[in-house]
Structures are given as C-alpha cells and as structure tokens.
Amino acid sequence: MSLANVRAYLKQFKLDTRIQEFQTSSATVELAAQALKCEPCRIAKTLSFDLNGETLLIVAAGDCKIDNAKYKQTFQTKAKMLQADEVALKTGHAIGGVCPFAIPENVKIYLDVSLKRFKTIFPACGSANSAIELSLKELEQYTLNQGWVDVCKLIKPASSD
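Residue 9 in the numbering used here sits at position 6 of the sequence shown, with consecutive numbering throughout.
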C-alpha cells in the first residue's frame, strides 16, 4: 500500500510517472544500485530515528553512515534508530521502502549534505522494489523537509588485507 500512497503523493507534483518499479528487490543500497545501474553513492537512503519520542528521517547518500558525534552535536542527543517493528508504524513505509514521501505529518525529514555531491539521486518510493530519480532541488521542493544537516560520514571500504 505504501507505493500507492507515494504514487498519489507524487501525482500532485506530476512526478508519479517517473517512479521506477523493478522485478528485483531494491531494498538495500547495493540492490538499488544494481537495479538502477548506477553507483551506490547515488542511492538516497532514508534512515529512521527516534528523537526524544518523535520520529526523524535523515536522507543520506548511499556511501555514508551516521556520524554519532555530528548527530549528537546537531540534535543534542545520541542517535537512536527506530526498532525494526516500529519503522512501518511510525513512517508509513516498511524497511527497504522507507522514503521521504507520503509520511505522517509528525515525522520530521532532514536532508544530509552528503547528497550535495550529485546532480540527481534515487530515493525509494515506499516499496522494496521502487525508486525515483530526482534533482536535489526537486528533493528539497517535494519533501516536507526541515532543511540540510551534516550528520554523516563516508563508509570506509573494507580492507583487503
């Protein structure tokens, strides 16, 4: 049902026809990059957190992870991700399809500066087999975001020792 909600949400901006659905899963950064035939860094992953009882989403580049020190400096508390069984209930989207579209009004969305390296990025569209290509301006314009934050760091590649 979440994909249908995202499609309806994006339809008001005439973006619904740009949603891509895949025959395979795009539930992880790696799977989404394979389905889209793009670099994993261009996948806009949406991470869900509990911030003092409120739900917070951070949209970040696929090659990044939360930097706990930066998160604490920005939000004045330690990062606490939502439990798996809370994600769909609090965001309206199941794990693998969490995105910054068609979410409950009380959920706050932030965009991480890690995305600013790209002309376009690919956030999910509410299901584990969908995405949409958006410019950063479109992402800003069509999500009810609170603005840009700097709370991520690049994931270091595994050592080949």
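Where a beta carbon is used, it is the ideal one built from N, C-alpha and C, also for glycine.
Quick caveat: nothing in here was measured; it's all calculated off a predicted structure.
- In the displayed model, Val32 falls within a helix according to three-state DSSP.
- Per DSSP, the continuous beta strand (DSSP E) segment holding Gln149 begins and ends at Asn148 to Val152.
- The three-state reading of DSSP puts Leu50 in strand, counting E and B together.
- With fewer than 16 other CB atoms across the displayed protein chains lying within 10 angstroms of its CB, Arg120 is exposed.
- One Cα belongs to Ala63, the other to Ala47, and the distance between them is close to 5 Å.
- Beyond the five residues adjoining it in sequence on each side, Gly95 comes within less than 7 Å, by CB distance, of Ser5, Asn8, Ala105, Ile106 and Pro107 in the same chain, given in chain order.
- By the neighbour-count criterion, in which a residue is buried when 16 or more other Cβ atoms sit within 10 angstroms of its Cβ, Lys122 is exposed.
- Under a 10 Å Cβ-count criterion, Thr80 is classified as exposed, with fewer than 16 other Cβ atoms of the shown protein chains found around its own Cβ.
- By the beta-carbon neighbour count (other beta carbons within 10 angstroms, threshold 16), Ser133 is buried.
- Comparing C-alpha distances from Ala127 to each of Thr20, Thr146, Gln15 and Val101 shows the shortest one belongs to Val101.
- Residue environment analysis places Ser138 among the exposed positions, since fewer than 16 neighbouring C-beta atoms fall within 10 angstroms of its C-beta.
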